[in-house]
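Heads up: the structure comes next, in structure tokens.
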Amino acid sequence: MPSAFRLFRAVAIAEAYSWAGLLIGMFFKYVVVGDEIGVRIFGPIHGAIFVLYGLAVLAAARAGRWSFGTVVLGLACAVPPFTTVWFERRMTRRLEPAAQVAA
12 MPSAFRLFRA VAIAEAYSWA GLLIGMFFKY VVVGDEIGVR IFGPIHGAIF
62 VLYGLAVLAA ARAGRWSFGT VVLGLACAVP PFTTVWFERR MTRRLEPAAQ
112 VAA
């Protein structure tokens with residue numbers, strides 16, 4: 012498995028975790044206590060991982076020669092919460108048969 016794709020997989024999962032942290036922080040800010048510490052912590056973390064995810068999609072797409080539509084879908088999956096994990100699983104399933112044939 013190419014290193015660009017391994018990086019993509021790790022960042023896709025990290026992006027979902029950062030979404031979870033940000034959503035929990037927002038829940039506490041707006042529903043429970045009105046304290047924004049969770050948003051202050053997870054907001055910048057999520058922002059940085061969001062940007063890294065976009066770069067990782069582009070790197071994996073270049074290495075794997077993804078179609079333009081696949082790249083657009085991968086980038087769009089960064090917006091709805093947890094969709095990066097769905098896209099990562101989809102691309103892993105797509106890559107696994109090729110890896111088995113090459114072995």
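Here the working numbering runs 11 ahead of the position in the sequence shown, where the first position is 1. From the three backbone atoms N, C-alpha and C, an ideal C-beta is built for every residue, glycine too. This structure is a prediction, so every number in the text was calculated from the model and none was measured.
Span of the alpha helix (DSSP H) around residue i
{"i": "residue 30", "result": "14-38"}
Beta-carbon proximity of residue i to residue j, cut-off 8 Å
{"i": "residue 34", "j": "residue 54", "result": "no"}
{"i": "residue 64", "j": "residue 96", "result": "no"}
{"i": "residue 59", "j": "residue 15", "result": "no"}
{"i": "residue 67", "j": "residue 98", "result": "no"}
Three-way DSSP call (helix, strand, coil) for residue i in this model
{"i": "residue 76", "result": "coil"}
{"i": "residue 107", "result": "helix"}
Candidates the options, of which the one nearest residue i by Cα
{"i": "residue 105", "options": "51, 75 and 38", "result": "75"}
{"i": "residue 56", "options": "24, 45 and 30", "result": "30"}
{"i": "residue 61", "options": "91, 50 and 26", "result": "26"}
{"i": "residue 28", "options": "103, 107 and 94", "result": "94"}
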